[in-house]
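Data block below; observations after.
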DNA sequence: CGCCAGGTGGGAT
DNA sequence: ATCCCACATGGC
């Protein structure tokens, strides 16, 4: 199995820094002129708007292409709903209409309100929040599972945690030649960050997840992987 | 058309 | 614990 460090370096050479999380709206996007990706910017969100937008996006993108989520975030922003109280003030029907394009819109409307209520009650939405939600707290909320919890922790709060998604599992399974449990994936990738400063860990984990997604989309597709143009095929047992 | 997308909760086994 | 399914839109 390829060393995590090597994999990270290869991904970086192949795709360059991705600059996740993508920010869709202008408001709260301090220090940047443009919307979208901000390569080499791994700062913790500097406004409540941006932090909340990231958390909302983490829920809206559950099993959903990001392009379907973009429009929702723009619609929510236009409605002034990237704000905990304003979002909670919307009727369910209105909120559902605003996020329709992300799919599962009835479930997701409920999830967004659950998240907003949780942030509001605990003051986590404030940038000056004294504390960060724990993983357990996030997981206890209806609609937030492991990937969403870890995405929120990493990209909205800057907590150095690994985000494991379907791309990560598929790529590592093909590299190894067999499925890995999430526990095994965490153990395997831990050497890429251990012993490093938190700031450094945050940068690596930001990029690693983004790079798995990029490689998964462009090379390691589920049905028909493009192994001919894959930069890590020399290390790979797949596809299978 | 059918398949897939940066999952999750709930119920059955 | 582990499978199985519902949830839903939009792009290729």
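Numbering (the working numbering), first residue to last: 291 to 530.
C-beta: ideal position from N, C-alpha, C; glycine also.
Does the contact criterion of 3 or more C-beta pairs under 8 Å hold for the region 358-372 versus the region 416-427?
Not touching, per the Cβ criterion.
CB residue 343 to CB residue 372, shorter than 8 Å?
On the first chain, position 53 is the one that residue 343 refers to. On the first chain, position 82 is the one that residue 372 refers to. In this structure, residue 372 lies closer than 8 Å to residue 343 by Cβ.
Assuming residue 348 and residue 438 form a contact by the criterion Cβ under 8 Å, report the distance between their Cβ atoms to the nearest whole angstrom.
Within the first chain, numbered from 1, the residue matching residue 348 stands at position 58. Within the first chain, numbered from 1, the residue matching residue 438 stands at position 148. Contact flag correct, Cβ pair sits at about 5 Å.
Using 8 Å for Cβ pairs, my map puts residue 461 next to residue 415. What's the rounded Cβ distance?
For the purposes of this step, residue 461 is taken as the residue at position 171 of the first chain. For the purposes of this step, residue 415 is taken as the residue at position 125 of the first chain. Not really, about 34 Å apart at Cβ, beyond 8 Å.
Distance, Cα to Cα, residue 304 vs residue 469?
Counting from one through the first chain, the residue named residue 304 turns up at place 14. Counting from one through the first chain, the residue named residue 469 turns up at place 179. Cα-Cα distance, rounded: 25 Å.
Quick check: what's the CA-CA separation for residue 316 versus residue 403?
Taking the first chain and counting its residues from 1, the one referred to as residue 316 is at position 26. Taking the first chain and counting its residues from 1, the one referred to as residue 403 is at position 113. Cα to Cα, residue 316 sits roughly 22 Å from residue 403.
Can you have a look at residue 440 and say buried or exposed, based on whether 16 or more other CB atoms are within 10 angstroms of its CB?
Locating residue 440 in the first chain gives position 150, counting from the first residue. Counting Cβ neighbours within 10 Å, residue 440 comes out buried, since at least 16 surround it.
Less than 8 Å between C-beta atoms, sequence neighbours within five positions excluded: which residues of the same chain meet that for residue 405?
The sequence position of residue 405 within the first chain is 115, counting from 1. Within the same chain, residue 405 has close Cβ partners 345, 346, 349, 431, 433, 434.
Go ahead and pull the three-state DSSP assignment for residue 313.
As a first step, residue 313 is located in the first chain; it is residue number 23 there, counting from the start. Note: residue 313 maps to strand in three-state DSSP.
Taking residue 308 and residue 446 to be in contact with their CB atoms under 8 Å, please state how far apart those CB atoms are, rounded to whole angstroms.
As a position in the first chain, residue 308 is number 18, starting the count at 1. As a position in the first chain, residue 446 is number 156, starting the count at 1. Not really, about 17 Å apart at Cβ, beyond 8 Å.
Rounded to a whole number of angstroms, what is the C-alpha to C-alpha distance between residue 379 and residue 491?
Working through the first chain from its first residue, we reach residue 379 at position 89. Working through the first chain from its first residue, we reach residue 491 at position 201. Going from the Cα of residue 379 to the Cα of residue 491 covers about 38 Å.
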